[in-house]
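Engineer: Quick note, the sequence shown lines up with residues 1 to 88 if you use full-length UniProt numbering.
Glycine included, each C-beta is placed from N, C-alpha and C at the ideal position.
Note that the structure is a prediction, hence the values are computed from the model and not measured.
I have a structure here, written as structure tokens, and I will follow up with some questions on it.
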Amino acid sequence: MANTAQARKRARQAVKQNEHNSSLRSKLRTSIKTVRKAIEAGDKATAAKVFAATQATIDKIADKKIAHKNTAARQKSRLSAAIKAMAA
Numbered sequence: 001m002a003n004t005a006q007a008r009k010r011a012r013q014a015v016k017q018n019e020h021n022s023s024l025r026s027k028l029r030t031s032i033k034t035v036r037k038a039i040e041a042g043d044k045a046t047a048a049k050v051f052a053a054t055q056a057t058i059d060k061i062a063d064k065k066i067a068h069k070n071t072a073a074r075q076k077s078r079l080s081a082a083i084k085a086m087a088a
């Protein structure tokens with residue numbers, strides 16, 4: 001347990017920040033799943049539309065350093081490649 005007032009406050013803030021970051025990580029995973037579902041459904045137009053929104057979400061979360069920038073780039077690249085492969 002924290003001994004000083006400052007440490008107690010930082011502990012409270014850490015809990016609140018952890019909840020916020022967890023919700024953003026969950027939002028990231030959910031948006032990636034929506035793109036995957038659209039790709040599996042075979043509708044390229046819908047997949048591309050959902051991917052555009054997901055790209056913005058991935059970038060925002062990477063900018064806040066909740067997900068690593070290379071992880072974000074890899075996820076976007078793989079989703080984009082999967083959408084492009086639908087035409088072939």
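1. Please go through the same chain and pick out, in chain order, the residues whose beta-carbon is closer than 6 Å to the beta-carbon of Leu24, but skip the five residues on each side of it.
2. Assess contact between the stretch 48 to 60 and the stretch 3 to 14, defined as three or more Cβ pairs (one per stretch) separated by less than 8 Å. Is contact present?
3. Beta-carbon of Ala62 versus every beta-carbon of chain C: anything under 8 Å?
4. Excluding the five sequence neighbours on either side, which residues of its own chain have a C-beta within less than 7 Å of the C-beta of Ile83, listed in chain order?
5. Given that a residue counts as buried once 16 or more other Cβ atoms are within 10 Å of its Cβ, and exposed if not, what is Ala87?
6. Of all the options Thr57, Lys37, Thr4 and Lys9, which has the alpha carbon lying nearest to the alpha carbon of Ser26?
7. Could you check if Ala41 is buried or exposed, using at least 16 other CB atoms within 10 Å of its CB as the buried criterion?
8. Give me the Cα-Cα distance between Asn18 and Lys64, rounded to the nearest whole angstrom.
Structural biologist: Once the coordinates are examined:
1. Ile61 and Ile66
2. no
3. Among the chains of the structure shown, chain C does not appear; only one protein chain is present.
4. Excluding the 5 residues flanking it on each side, Ile83 has same chain C-beta neighbours closer than 7 Å at Ile39, Lys44, Ala47, Ala48 and Phe51, in chain order.
5. exposed
6. Thr57
7. exposed
8. 13 Å
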